[in-house]
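Undergrad: Below is a structure I'd like to ask you about.
Number of protein chains: 2
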Amino acid sequence: MVEKNSVAAGDRAYEDVKSRILEGELAGGELISEGEVADRLNISRTPVREAFLRLQAEGLMKLYPKRGAMITPIARSEARDVVDARNMLETHAVRSVVASEERTERLVAALRENIQLQKDRIADRNLAGYALADADFHSALISASENALIIQFYATLYDRQVRMARSSVPTDVVAEDVVGAHQALLDAIAARDADRFEQLLAEHLKKIHEVLIR
Amino acid sequence: MVEKNSVAAGDRAYEDVKSRILEGELAGGELISEGEVADRLNISRTPVREAFLRLQAEGLMKLYPKRGAMITPIARSEARDVVDARNMLETHAVRSVVASEERTERLVAALRENIQLQKDRIADRNLAGYALADADFHSALISASENALIIQFYATLYDRQVRMARSSVPTDVVAEDVVGAHQALLDAIAARDADRFEQLLAEHLKKIHEVLIR
DNA sequence: GATGCTGAAGTTGTATCTATCATTGCGTAT
DNA sequence: ATACGCAATGATAGATACAACTTCAGCATC
Numbered sequence: 001m002v003e004k005n006s007v008a009a010g011d012r013a014y015e016d017v018k019s020r021i022l023e024g025e026l027a028g029g030e031l032i033s034e035g036e037v038a039d040r041l042n043i044s045r046t047p048v049r050e051a052f053l054r055l056q057a058e059g060l061m062k063l064y065p066k067r068g069a070m071i072t073p074i075a076r077s078e079a080r081d082v083v084d085a086r087n088m089l090e091t092h093a094v095r096s097v098v099a100s101e102e103r104t105e106r107l108v109a110a111l112r113e114n115i116q117l118q119k120d121r122i123a124d125r126n127l128a129g130y131a132l133a134d135a136d137f138h139s140a141l142i143s144a145s146e147n148a149l150i151i152q153f154y155a156t157l158y159d160r161q162v163r164m165a166r167s168s169v170p171t172d173v174v175a176e177d178v179v180g181a182h183q184a185l186l187d188a189i190a191a192r193d194a195d196r197f198e199q200l201l202a203e204h205l206k207k208i209h210e211v212l213i214r
Numbered sequence: 001m002v003e004k005n006s007v008a009a010g011d012r013a014y015e016d017v018k019s020r021i022l023e024g025e026l027a028g029g030e031l032i033s034e035g036e037v038a039d040r041l042n043i044s045r046t047p048v049r050e051a052f053l054r055l056q057a058e059g060l061m062k063l064y065p066k067r068g069a070m071i072t073p074i075a076r077s078e079a080r081d082v083v084d085a086r087n088m089l090e091t092h093a094v095r096s097v098v099a100s101e102e103r104t105e106r107l108v109a110a111l112r113e114n115i116q117l118q119k120d121r122i123a124d125r126n127l128a129g130y131a132l133a134d135a136d137f138h139s140a141l142i143s144a145s146e147n148a149l150i151i152q153f154y155a156t157l158y159d160r161q162v163r164m165a166r167s168s169v170p171t172d173v174v175a176e177d178v179v180g181a182h183q184a185l186l187d188a189i190a191a192r193d194a195d196r197f198e199q200l201l202a203e204h205l206k207k208i209h210e211v212l213i214r
């Protein structure tokens with residue numbers, strides 16, 4: 001029996017190792033071997049190797065020939081780089097969107113809905129769900145850029161941010177502040193004022209940066 | 001004898017398939033199997049599989065389970081997306097650099113040297129070498145952003161552009177125009193005028209876009 | 001003529017085996 | 001004490017074997 005269940009062994013290995021990295025269970029700098037993961041999941045080394053290669057491509061590990069795989073340490077500058085890149089990407093997306101009345105209206109409608117969702121989840125004390133909605137808010141901005149390359153790049157940034165923020169548990173109070181900031185961002189978009197958006201976003205992300213590096 | 005020579009089989013497979021994609025020998029939409037490449041290079045399927053995974057991560061192929069690997073077709077919108085993203089990245093980099101006098105000076109010095117190299121190679125009728133110097137000019141801009149995530153993203157964009165531009169052979173005349181544009185970009189940086197840079201770059205990339213889609 | 005079955009061919013997914021490489025620790029000579 | 005050589009250990013890289021899945025052609029059946 002080669003495939004004991006529906007999900008491929010390679011994917012299982014990938015998910016297992018990736019989630020352990022993102023959650024900080026595997027710390028940066030740590031060395032891990034294929035055999036170790038293979039034993040843990042009761043699969044052979046081949047699919048584990050596959051997973052390692054994917055993770056290396058994403059920049060989460062680095063493979064050293066014949067020696068092992070090292071979990072990429074979080075660079076000192078990484079929080080800055082992520083925030084800087086997000087500023088660039090989200091601002092660029094909005095500048096592109098507000099050039100068109102129709103695209104602006106579509107984005108504004110989507111974001112309005114999302115903000116309502118955020119508020120509902122805070123009211124429900126569903127902070128995990130709130131975090132997802134928060135992520136969706138920013139994803140929606142990026143998607144509106146309608147540039148497939150940028151959308152894909154943003155997804156990798158998000159993983160990195162999750163990894164850095166793993167320890168930060170949002171509180172109700174912080175969440176409400178964030179919703180307020182999102183509302184202000186939305187207003188700027190609705191007014192098709194990209195410069196104001198840029199400034200507001202920089203302030204918003206500055207706070208996120210402070211959370212990441214503390 | 002497992003490793004018959006110094007370069008890893010996996011890397012050979014990767015380079016072989018990637019270069020064939022970038023050069024258009026493997027057309028978008030084409031299906032290719034692991035065994036095919038393995039036979040061609042006289043290696044086993046294992047390293048070929050590795051190469052396919054890397055290429056999928058770069059977006060150059062898509063793997064269909066138990067069916068084969070398809071070369072990702074060049075999307076109709078890809079030229080636009082690449083040019084759009086380059087505009088964003090290079091402008092962002094310059095805005096960041098010109099905020100500091102010291103970084104501006106360093107970048108200007110590097111670009112001056114590069115432009116001289118471009119001129120020399122045109123004078124030598126070394127158009128392949130010129131194309132490399134051209135690429136270096138823009139890479140230097142991006143590197144100056146000092147944001148590792150952005151630098152990496154730019155590298156994937158460059159591959160895509162090479163793939164689209166595979167048929168375009170630069171002529172002396174075009175090359176000289178481009179050098180002129182680079183000189184103007186450099187002047188804008190030296191003057192620490194990011195807005196002017198942005199406008200000049202947009203014009204410069206617009207011409208590149210026209211080459212890509214023709 | 002349409003539908004469904006069946007078997008063959010082709011492909012991937014995984015396990016396993018061997019060769020090679022890198023590191024480490026120990027014994028020995030200097 | 002230190003440096004050197006060398007075997008033991010542990011890891012990967014690659015080859016090979018085989019099972020499972022996809023597709024499709026050909027044929028039987030309705």
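Residue numbers (full-length UniProt numbering), protein chains in the order written: chain A, 1 to 214; chain B, 1 to 214.
Glycine included, every Cβ here is placed at the ideal spot set by N, Cα and C.
At a Cβ threshold of 8 Å, is residue 232(A) touching chain B?
TA: An answer regarding residue 232(A) cannot be provided, because it is not within the stretch 1 to 214 covered by chain A.
Undergrad: Among the residues of its own chain, which have a CB less than 6 Å from the CB of GLU210(A), if the five just before and after it don't count?
TA: The residue labelled residue 210(A) in the question sits at position 210 within the first sequence. Excluding positions up to five away in sequence, the list is empty.
Undergrad: In angstroms with no decimal places, state the Cα-to-Cα distance between ALA75(B) and THR171(A).
TA: On the second sequence, position 75 is the one that residue 75(B) refers to. On the first sequence, position 171 is the one that residue 171(A) refers to. Going from the Cα of ALA75(B) to the Cα of THR171(A) covers about 43 Å.
Undergrad: Suppose you measure from the CA of VAL17(B) to the CA of ARG166(B); what does that come to, to the nearest Å?
TA: Residue 17(B) sits at position 17 when you count from the first residue of the second sequence. Residue 166(B) sits at position 166 when you count from the first residue of the second sequence. Cα to Cα, VAL17(B) sits roughly 15 Å from ARG166(B).
Undergrad: Residue range of the alpha helix (DSSP H) that LEU63(B) falls in?
TA: For the purposes of this step, residue 63(B) is taken as residue 63 along the second sequence, with counting starting at 1. Note, LEU63(B): premise wrong, no alpha helix (DSSP H); beta strand (DSSP E) at 61-64.
Undergrad: Going by CA-CA distance only, name the one from ALA85(A), GLU176(A), TYR14(A) and SER143(A) that's closest to ARG125(A).
TA: Within the first sequence, residue 125(A) is the residue found at index 125, counting from 1. Closest by alpha carbon: GLU176(A).
Undergrad: Using 8 Å for Cβ pairs, my map puts ARG20(B) next to GLU78(B). What's the rounded Cβ distance?
TA: Taking the second sequence and counting its residues from 1, one reaches residue 20(B) at position 20. Taking the second sequence and counting its residues from 1, one reaches residue 78(B) at position 78. Not quite, the Cβ-Cβ distance comes to about 18 Å (not below 8 Å), so this is no contact.
Undergrad: For the beta strand (DSSP E) that residue 302(A) lies in, which residues bound it at each end?
TA: Only positions 1 to 214 of chain A appear in this structure, which leaves residue 302(A) out of reach.
Undergrad: Under 8 Å, with one C-beta from each stretch per pair, do the stretch 102-110 of chain B and the stretch 131-146 of chain B reach the 3-pair mark?
TA: At 8 Å Cβ cutoff, the stretches touch.
Undergrad: Going by C-alpha distance, which of TYR130(A), GLY129(A), ILE151(A) and PHE197(A) is nearest SER139(A)?
TA: Sequence index remark: in the first sequence, residue 139(A) carries index 139 (1-based). When only C-alpha atoms are compared, the closest one is ILE151(A).
Undergrad: Under 8 Å, with one C-beta from each stretch per pair, do the stretch 106-113 of chain A and the stretch 185-197 of chain A reach the 3-pair mark?
TA: yes
Undergrad: PHE197(B) CB to nearest chain A CB: under 8 Å?
TA: Stepping through the second sequence from its first residue, residue 197(B) is reached at position 197. Chain A contact via Cβ: absent.
Undergrad: Quick one: grab the DSSP three-state call for ILE74(A).
TA: Taking the first residue of the first sequence as position 1, residue 74(A) is located at position 74. Residue state, collapsed to three classes: coil.
Undergrad: Enumerate in chain order the residues of its own chain whose CB-to-CB distance from LYS4(B) is below 7 Å, with the five nearest sequence positions on each side excluded.
TA: Within the second sequence, numbered from 1, the residue matching residue 4(B) stands at position 4. At LYS4(B) the pLDDT is 44, less than 50, meaning the model places this residue with poor confidence; the figure from the coordinates comes in the next sentence. Answer for LYS4(B): no residue qualifies.
Undergrad: Based on the DSSP output, what are the partners of LEU31(B) in its beta bridges?
TA: As a working note, residue 31(B) is residue 31 in the second sequence. DSSP, once it has assigned bridges, lists MET70(B) as partnering LEU31(B).
Undergrad: Let me know the alpha helix (DSSP H) ranges lying completely inside the stretch 178-214 of chain A, each 4 residues or longer, listed in chain order.
TA: 194-213
Undergrad: Can you grab the Cα-Cα spacing for the pair VAL2(B) / GLY10(B), in whole Å?
TA: In the second sequence, residue 2(B) corresponds to position 2, counting from 1. In the second sequence, residue 10(B) corresponds to position 10, counting from 1. Low confidence applies here, because VAL2(B) scores a pLDDT of 42, under 50, leaving its location unreliable; read the following figure in that light. Looking at the two C-alpha atoms, the distance is approximately 12 Å.
Undergrad: How far does the alpha helix (DSSP H) with ASP16(A) in it reach, from first residue to last?
TA: On the first sequence, residue 16(A) is found 16 positions in, with the first residue counted as 1. Segment 9-22, the alpha helix (DSSP H) holding ASP16(A).
Undergrad: If we count the other Cβ atoms within 10 Å of its Cβ and call it buried at 16 or more, is LYS206(B) buried or exposed?
TA: Here residue 206(B) corresponds to residue number 206 of the second sequence, with the count starting at 1. The residue is exposed, with fewer than 16 neighbouring Cβ atoms inside 10 Å.
Undergrad: Within 10 Å of its beta-carbon, does ALA51(A) have 16 or more other beta-carbons around it, so buried, or fewer, so exposed?
TA: On the first sequence, position 51 is the one that residue 51(A) refers to. With a threshold of 16 other beta carbon atoms within 10 Å, ALA51(A) meets it and is buried.
Undergrad: Indicate whether at least one CB of chain B lies closer than 8 Å to the CB of LEU53(A).
TA: If you number the first sequence from 1, residue 53(A) lands on position 53. With 8 Å as the cut-off, LEU53(A) counts as an interface residue toward chain B.
Undergrad: Can a CB atom of chain A be found closer than 8 Å to the CB of HIS92(B)?
TA: Indexing the second sequence from 1 puts residue 92(B) at position 92. Yes, contact with chain A.
Undergrad: Could you tell me the distance, in whole angstroms, from the CA atom of ILE115(A) to the CA atom of LEU60(B)?
TA: As a position in the first sequence, residue 115(A) is number 115, starting the count at 1. As a position in the second sequence, residue 60(B) is number 60, starting the count at 1. Each residue's alpha carbon lies about 36 Å from the other.
Undergrad: What residues in its chain sit with their C-beta under 6 Å from that of ILE43(A), if we drop five residues either side in the sequence?
TA: The count along the first sequence starts at 1 and reaches residue 43(A) at position 43. The answer, listed in chain order, is ALA9.
Undergrad: Measure the alpha-carbon distance for ALA123(A) versus GLU203(A) and round it to whole angstroms.
TA: As a working note, residue 123(A) is residue 123 in the first sequence. As a working note, residue 203(A) is residue 203 in the first sequence. The alpha-carbon atoms of ALA123(A) and GLU203(A) are separated by roughly 25 Å.
Undergrad: List, in chain order, every chain B residue whose beta-carbon is nearer than 7 Å to that of ASN147(A).
TA: Residue mapping note: residue 147(A) aligns to position 147 of the first sequence, counting from 1. By Cβ distance, chain B contributes ASP81, ASP84 and ALA85.
Undergrad: Under 8 Å, Cβ to Cβ, is there at least one residue of chain A near LEU212(B)?
TA: Taking the second sequence and counting its residues from 1, one reaches residue 212(B) at position 212. Output row for LEU212(B): interface = no.
Undergrad: For GLU90(B), collect the residues of the same chain with a Cβ closer than 7 Å to its Cβ; drop the 5 residues on either side in sequence, then sort them by chain order.
TA: The sequence position of residue 90(B) within the second sequence is 90, counting from 1. Only HIS138, LEU141, ILE142 and LEU201 meet the Cβ criterion.
Undergrad: Using the beta-carbon of each residue, which ones in chain B are nearer than 8 Å to GLU101(A)?
TA: Within the first sequence, residue 101(A) is the residue found at index 101, counting from 1. Neighbours of GLU101(A) in chain B, taken as residues at a C-beta separation under 8 Å, are lacking, since the least C-beta distance is about 20 Å.
Undergrad: Between the alpha carbons of VAL83(B) and ASP39(A), how many angstroms are there, rounded?
TA: Taking the second sequence and counting its residues from 1, one reaches residue 83(B) at position 83. Taking the first sequence and counting its residues from 1, one reaches residue 39(A) at position 39. For VAL83(B) and ASP39(A), the distance between alpha carbons rounds to 46 Å.
Undergrad: Taking 6 Å as the limit between beta carbons, can you name the residues of its chain near TYR154(B), skipping five residues before and five after?
TA: Taking the second sequence and counting its residues from 1, one reaches residue 154(B) at position 154. So the qualifying residues of the chain are LEU89 and ILE142.
Undergrad: Can you tell me which of the three DSSP states GLU50(A) falls into?
TA: Taking the first residue of the first sequence as position 1, residue 50(A) is located at position 50. In this structure, GLU50(A) counts as helix in the three-state DSSP scheme.
Undergrad: So ARG214(A) and LEU22(A) are in contact, right, with Cβ under 8 Å, and what is the actual spacing, rounded?
TA: The residue you call residue 214(A) lines up with position 214 of the first sequence. The residue you call residue 22(A) lines up with position 22 of the first sequence. Not quite, the Cβ-Cβ distance comes to about 19 Å (not below 8 Å), so this is no contact.
Undergrad: Using a Cβ cut-off of 8 Å, pull out every chain B residue sitting near LEU157(A), in sequence order please.
TA: Stepping through the first sequence from its first residue, residue 157(A) is reached at position 157. Under the 8 Å cutoff, chain B gives LEU149.
Undergrad: Exposed or buried, VAL7(A), counting other C-beta atoms within 10 Å across all chains shown (16 or more means buried)?
TA: Counting from one through the first sequence, the residue named residue 7(A) turns up at place 7. So VAL7(A) ends up on the exposed side.
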